[in-house]
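Novice: Pasting a structure here, questions to come.
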Amino acid sequence: MELTDLTLYELQGLLTRKEVSSTDLTKIYLNRISSVDPRVNAYIRVAEEEALRAAEKADRRLQAGEGHFLTGIPLALKDIFITEAIETTCASRILAGFIPPYDGTAVKRLKAQDAVILGKLNMDEFAMGSSNENSPFGAVKNPWNPACVPGGSSGGSAACVAARMAAAALGTDTGGSIRQPASHCGVVGLKPTYGRVSRYGVIAYASSLDQVGPLTRDIQDCAILLQAVAGYDPLDSTSIDTPVPDYPEEIKKPIKGLKIGRPKEYFIEGLDPDVASAIDRAFATYRDLGAEIIDVSLPHTDYAIACYYLIATAEASSNLARYDGVRFGQRIDPGEGLIEMYRQSRAAGFGTEVKRRIMLGTYALSSGYYDAYYLKAQKVRTLIRQDLTEAFEKVDALLTPVAPSPAFRIGEKTADPLQMYLSDIFTISINLAGTCGLSLPCGQSREGLPIGLQLIGKPFAEEVILRAGYAFEQATEWHLQKAPL
Amino acid sequence: MKISRKEVEYVAGLARLSLREEEIEALTSDMDSILAYVEKLNELETAGIIPTAHAVPVENAFREDEIRPSLGTSKALQNSPESENGCFRVPKVIE
Numbered sequence: 217m218e219l220t221d222l223t224l225y226e227l228q229g230l231l232t233r234k235e236v237s238s239t240d241l242t243k244i245y246l247n248r249i250s251s252v253d254p255r256v257n258a259y260i261r262v263a264e265e266e267a268l269r270a271a272e273k274a275d276r277r278l279q280a281g282e283g284h285f286l287t288g289i290p291l292a293l294k295d296i297f298i299t300e301a302i303e304t305t306c307a308s309r310i311l312a313g314f315i316p317p318y319d320g321t322a323v324k325r326l327k328a329q330d331a332v333i334l335g336k337l338n339m340d341e342f343a344m345g346s347s348n349e350n351s352p353f354g355a356v357k358n359p360w361n362p363a364c365v366p367g368g369s370s371g372g373s374a375a376c377v378a379a380r381m382a383a384a385a386l387g388t389d390t391g392g393s394i395r396q397p398a399s400h401c402g403v404v405g406l407k408p409t410y411g412r413v414s415r416y417g418v419i420a421y422a423s424s425l426d427q428v429g430p431l432t433r434d435i436q437d438c439a440i441l442l443q444a445v446a447g448y449d450p451l452d453s454t455s456i457d458t459p460v461p462d463y464p465e466e467i468k469k470p471i472k473g474l475k476i477g478r479p480k481e482y483f484i485e486g487l488d489p490d491v492a493s494a495i496d497r498a499f500a501t502y503r504d505l506g507a508e509i510i511d512v513s514l515p516h517t518d519y520a521i522a523c524y525y526l527i528a529t530a531e532a533s534s535n536l537a538r539y540d541g542v543r544f545g546q547r548i549d550p551g552e553g554l555i556e557m558y559r560q561s562r563a564a565g566f567g568t569e570v571k572r573r574i575m576l577g578t579y580a581l582s583s584g585y586y587d588a589y590y591l592k593a594q595k596v597r598t599l600i601r602q603d604l605t606e607a608f609e610k611v612d613a614l615l616t617p618v619a620p621s622p623a624f625r626i627g628e629k630t631a632d633p634l635q636m637y638l639s640d641i642f643t644i645s646i647n648l649a650g651t652c653g654l655s656l657p658c659g660q661s662r663e664g665l666p667i668g669l670q671l672i673g674k675p676f677a678e679e680v681i682l683r684a685g686y687a688f689e690q691a692t693e694w695h696l697q698k699a700p701l
Numbered sequence: 420m421k422i423s424r425k426e427v428e429y430v431a432g433l434a435r436l437s438l439r440e441e442e443i444e445a446l447t448s449d450m451d452s453i454l455a456y457v458e459k460l461n462e463l464e465t466a467g468i469i470p471t472a473h474a475v476p477v478e479n480a481f482r483e484d485e486i487r488p489s490l491g492t493s494k495a496l497q498n499s500p501e502s503e504n505g506c507f508r509v510p511k512v513i514e
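Protein sequence lines, in the order shown, are assigned to chains A and B. Here this note's numbering is used: the first residue of the first sequence is 217, the next is one more, and so on. Here this note's numbering is used: the first residue of the second sequence is 420, the next is one more, and so on.
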C-alpha cells in the first residue's frame, strides 16, 4: 500500500499522529504527477511552489496540534475555480494568462483548513462537454484505458483522483459533469443540491444549473469534502441558508427500511448490457441490506436533453458575453473599432463547442424565438421537476445508471454533437430539478472499464444518498478497485 | 430546414462572433439538427404551466447597504489587455 492510495480519512490520521509530514506527502504526490500525468493529461497547471509553501504552513499547524480535518492533505481543483495568484483559464484560450485577484468561497474554505492545493485540472472548455475532448490543453485519457475518454466536463478531476494524483478533487456539475466522469473513472462524485455549495468564484456556465461538488476515492471522503465546502455564503445570493448536517457522522446510520425507487424510464432499450446487469446486481445488494425497492415513473425523462440544451445554452450565451477583450483575457484588435475587436477576440478565444452553444443560446433567446424555445423549455423544466417531486412522495431515493454505457473511445462521438449530448440522458434531469445526485462505482464492463450507479436524493438530503452509498460500499468492494497505471 | 445560413450569420452578429466560412457552414448544419431534435418539446402540452427559472425557490436576497473594502483599482485592472489612468482602455467607439 502506497501513501497515494490512502483516503482523506486515513491521511488525516497519519498527519495528526505525525507519522508523515504534509511536506513529504505533497512531494510524493508531486512526484506521482510527474511520472503519471504525461499518460493522463489531467493537470493544466501544477502549482508546485504554492503547494510546498502551503504544506510547510500545514506542518506548523499540525505540530502545534491546531489541525483541521483537511490540514496538510493534497487536493486539486478543476480549472473553473478561480484561485488567487494561480492562472485560471477554464480551459479556454480566451482566458490565457488570467491571474485571479481573489479566491472563490469553496477554495477559501479549503485553504481555511490549510489543505494543500496541488494544481488546476483539465476540463472541457467552460465545462461544455461530456468527454473532456473540448480542451485546448488536449484530451484527458481515462486511467483505466488511455484509448477511452474519462467523461466530462470534470474529466481531469475524475482522472486525477482515479490515477492517485491528488487525494481528492473538486469539480462542477451542470448536466452531469461530476457524476458521469466519476462513473467512467471508477471514483465517487456528488452533485449537491443547487444552493448547497457557494458558486462564488466559480466561472459561470449555466447559472441556474451549475453546482460545486467533490470527486473522491470513497463515500466517507465525499462526506468529508462536502462538509468542508457546504453552507450558506452571503456572496452567492442563490446559496441557501439551511443547516449543514454532520455528513461524516450521518452516513454511518443504518439504511434498513430505506425506500429506493426504480424509475422505469431509465432502463431503456440501448442501455449497455454490462451496465444493466451491474445496476440489477446493485438493486439485489440493496434488497439484501434491507432496503425496499419500489417501481416509479418519471414520465418526462425523454424531454430532459432537449430542455437542457435550450436552457443551458441560453444562460451560457448570456454568461459568456463578458469575454469581450476589455477587462480580462485575450484581445485581438484589427484596428477597425470596438465591435470588430469584440468579434475577433471572441472568434480567436473560443473553441468550436463553446461557439456552438453560444450560437444556439443566442438563437433561443432572440426576438421571435424566445417563446418557442426558451420559454417552452422552462415550462418543460417545471414538468421534469414535478416528476421528481411526485416520485419523492413515495421513495427516499432513486437508483439509476449514471451513463448509458461505460467510457466510450476518444474520437467516437466528436463528429456528431447531438450523439455527444445524448450521453448525458440519465444525469441532466437532476440539474433541471435542482436536487442532488451521487455516482459511485458498482461494477466493471467485460473490457475492464468502471461502471457507476447513481443515487438521486430529495433536495438537501445529501446525507440520505451518501448513507445509501456508504452501506453499498460496506457490502461490496468496487470502490477498492484501482486503475492499472 | 429549421435554420438558414442567413439566420446563422444574423445570430453570429448578435453574439459578437466573427465566423469563418467553414464555421458558418458547420454551424448551420449542426444547429439545424439540434433544433430539429428540440422540436420534440412541442409534443408536450404546456399551456398554463408556470415556467421554472430557478429550481430551488429563492426570495430576493437583500443585505445591509454597508461600505466594505473592495478589490481596488490596481487589482481590478491587473488582467486588462490595456489600461490607462486607472481605466480600461478600449478602441475608439465614436468616430
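Note that beta-carbon positions come from the ideal geometry of N, C-alpha and C, so glycine has one too. No experiment lies behind these values; they were computed from the predicted model shown.
At the level of alpha carbons, what is the spacing between A:Asp389 and A:Thr578?
Specialist: Within the first sequence, numbered from 1, the residue matching residue 389 of chain A stands at position 173. Within the first sequence, numbered from 1, the residue matching residue 578 of chain A stands at position 362. Within the model, the alpha-carbon separation for A:Asp389 versus A:Thr578 is close to 22 Å.
Novice: Tell me which residues share the same chain as B:Leu438 and place their Cβ nearer than 6 Å to its Cβ, disregarding the 5 neighbours each side in the sequence.
Specialist: On the second sequence, position 19 is the one that residue 438 of chain B refers to. Correct list, in chain order: Ala431.
Novice: Ignore the nearest five residues each way along the sequence and tell me which others in A:Val596's own chain have a CB closer than 6 Å to its CB.
Specialist: Position 380 of the first sequence holds residue 596 of chain A. Here the set comprises Tyr519 and Cys523.
Novice: So A:Ile672 and A:Lys610 are supposed to be a Cβ contact under 8 Å. How far apart are they, rounded?
Specialist: Indexing the first sequence from 1 puts residue 672 of chain A at position 456. Indexing the first sequence from 1 puts residue 610 of chain A at position 394. Contact between A:Ile672 and A:Lys610 does not hold, since their C-beta atoms are separated by about 13 Å, which reaches or exceeds 8 Å.
Novice: State buried or exposed for A:Tyr586, treating a residue as buried only when at least 16 other CB atoms are found within 10 Å of its CB.
Specialist: Counting from one through the first sequence, the residue named residue 586 of chain A turns up at place 370. It counts as exposed.
Novice: So that I know if they touch, is there some Cβ in chain A lying closer than 8 Å to that of B:Pro488?
Specialist: As a first step, residue 488 of chain B must be located in the second sequence, where it is residue number 69. False, the Cβ-Cβ gap to chain A never drops below 8 Å.
Novice: Do we get a CB-CB distance below 8 Å when we pair B:Asn498 with the residues of chain A?
Specialist: In the second sequence, the residue the question calls residue 498 of chain B occupies position 79. For B:Asn498, the answer is yes, since a Cβ of chain A falls inside 8 Å of its Cβ.
Novice: To the nearest angstrom, how far is it from the Cα of A:Thr605 to the Cα of A:Asp457?
Specialist: Against the first sequence, residue 605 of chain A aligns to sequence position 389. Against the first sequence, residue 457 of chain A aligns to sequence position 241. Here the alpha carbon of A:Thr605 sits roughly 21 Å from the alpha carbon of A:Asp457.
Novice: From A:Arg255, A:Pro317, A:Gly405 and A:Pro450, pick the residue whose C-alpha is nearest to that of A:Pro362; which is it?
Specialist: Taking the first sequence and counting its residues from 1, the one referred to as residue 362 of chain A is at position 146. Taking only the C-alpha atoms, the option nearest A:Pro362 is A:Arg255.
Novice: Within 8 Å of any Cβ in chain A, is that where the Cβ of B:Met450 sits?
Specialist: Sequence index remark: in the second sequence, residue 450 of chain B carries index 31 (1-based). At a cut-off of 8 Å between beta-carbon atoms, B:Met450 makes contact with chain A.
Novice: Let's test the definition: count the other Cβ atoms within 10 Å of the Cβ of A:Ser645 and tell me whether it reaches 16, buried, or not, exposed.
Specialist: Here the question's residue 645 of chain A lines up with position 429 in the first sequence. Classification for A:Ser645: buried.
Novice: Nearest to A:Gly653 by alpha carbon, out of A:Phe624, A:Cys438, A:Ala494 and A:Leu554?
Specialist: Sequence index remark: in the first sequence, residue 653 of chain A carries index 437 (1-based). Cα-wise, what sits closest to A:Gly653 is A:Cys438.
Novice: Measure from the C-beta of A:Pro317 to each C-beta in chain B and report whether the shortest distance is under 8 Å.
Specialist: On the first sequence, residue 317 of chain A is found 101 positions in, with the first residue counted as 1. Closer than 8 Å: yes.
Novice: Give the DSSP-derived three-state secondary structure of A:Tyr259 in the structure shown.
Specialist: Looking up residue 259 of chain A in the first sequence gives position 43. Of the three classes helix, strand and coil, the one that applies to A:Tyr259 here is strand, per DSSP.
Novice: Taking the CB atoms as reference points, tell me whether A:Glu481 and A:Leu514 lie closer together than 8 Å.
Specialist: For the purposes of this step, residue 481 of chain A is identified with residue 265 of the first sequence, where counting begins at 1. For the purposes of this step, residue 514 of chain A is identified with residue 298 of the first sequence, where counting begins at 1. A:Glu481 places its beta carbon less than 8 Å from that of A:Leu514.
Novice: Along the chain, which unbroken stretches of the alpha helix (DSSP H) at least 4 residues long are found entirely within the stretch 597 to 645 of chain A?
Specialist: 633 to 638
Novice: Given A:Thr239, which residues of its chain have a CB within under 7 Å of its CB, disregarding the five upstream and five downstream residues?
Specialist: What you label residue 239 of chain A is simply residue 23 of the first sequence in a count that begins at 1. Excluding residues within five positions, the ones whose Cβ falls inside 7 Å are Leu268, Ala271, Glu272 and Asp275.
Novice: Can you grab the Cα-Cα spacing for the pair B:Asp449 / B:Val457, in whole Å?
Specialist: On the second sequence, position 30 is the one that residue 449 of chain B refers to. On the second sequence, position 38 is the one that residue 457 of chain B refers to. Those two C-alpha atoms are separated by around 12 Å.
Novice: Which residues in chain A have a C-beta closer than 8 Å to the C-beta of B:Arg435? List them in chain order.
Specialist: Within the second sequence, residue 435 of chain B is the residue found at index 16, counting from 1. By Cβ distance, chain A contributes Ala537, Asp540, Ile555, Tyr558, Arg559 and Arg562.
Novice: Excluding the 5 residues flanking A:Asp540 on each side, which residues of the same chain have their C-beta closer than 6 Å to its C-beta?
Specialist: Translated into the one-based positions of the first sequence, residue 540 of chain A becomes position 324. Answer for A:Asp540: Tyr558, listed in chain order.
Novice: Should the stretch 418 to 436 of chain A be regarded as contacting the stretch 378 to 388 of chain A, the criterion being three or more beta carbon pairs within less than 8 Å?
Specialist: The answer is yes - the stretch 378 to 388 of chain A touches the stretch 418 to 436 of chain A, with three or more Cβ pairs under 8 Å.
Novice: Where A:Cys401 and A:Leu701 are concerned, what is the direct C-alpha to C-alpha distance, given to the nearest angstrom?
Specialist: As a first step, residue 401 of chain A is located in the first sequence; it is residue number 185 there, counting from the start. As a first step, residue 701 of chain A is located in the first sequence; it is residue number 485 there, counting from the start. Rounded to whole angstroms, A:Cys401 to A:Leu701 spans 12 Å at the Cα level.
Novice: How many angstroms separate the CA atom of A:Gly283 from the CA atom of A:Glu556?
Specialist: Residue numbering aside, residue 283 of chain A sits at position 67 when the first sequence is read from its first letter. Residue numbering aside, residue 556 of chain A sits at position 340 when the first sequence is read from its first letter. Distance between the alpha carbons of A:Gly283 and A:Glu556: 53 Å.
Novice: Report the partner residues of A:Asp479 according to the DSSP bridge assignment.
Specialist: On the first sequence, position 263 is the one that residue 479 of chain A refers to. The amino acid occupying residue 479 of chain A in the given sequence is Pro; Asp does not appear at that position. DSSP output for A:Pro479 lists A:Val512 as bridge partner(s).
Novice: Exposed or buried, A:Asp330, counting other C-beta atoms within 10 Å across all chains shown (16 or more means buried)?
Specialist: Residue mapping note: residue 330 of chain A aligns to position 114 of the first sequence, counting from 1. With 16 or more Cβ atoms within 10 Å of its Cβ, A:Asp330 is classed as buried.
Novice: Have a look at the DSSP bridge pairing and note the partners of A:Gly429.
Specialist: The count along the first sequence starts at 1 and reaches residue 429 of chain A at position 213. For A:Gly429, which the question treats as bridged, DSSP gives the partners A:Gly387.
Novice: Taking A:Val332 as part of the alpha helix (DSSP H), name the residues at either end of that continuous run.
Specialist: Numbered from 1 along the first sequence, position 116 holds the residue referred to as residue 332 of chain A. From DSSP, A:Val332 is part of no alpha helix (DSSP H) but of the beta strand (DSSP E) over Val332 to Leu337.
Novice: Three or more C-beta pairs under 8 Å: does that hold for the stretch 444 to 455 of chain A against the stretch 472 to 480 of chain A?
Specialist: no
Novice: Taking one C-beta from the stretch 621 to 632 of chain A and one from the stretch 344 to 363 of chain A each time, how about it: are there three or more such pairs within less than 8 Å?
Specialist: yes
Novice: If I measure Cβ to Cβ from B:Leu454 and keep anything under 7 Å in the same chain, skipping five residues before and after, which residues do I get?
Specialist: Position 35 of the second sequence, counting from 1, holds the residue named residue 454 of chain B. Taken in chain order, the residues that qualify are Lys421 and Ile422.
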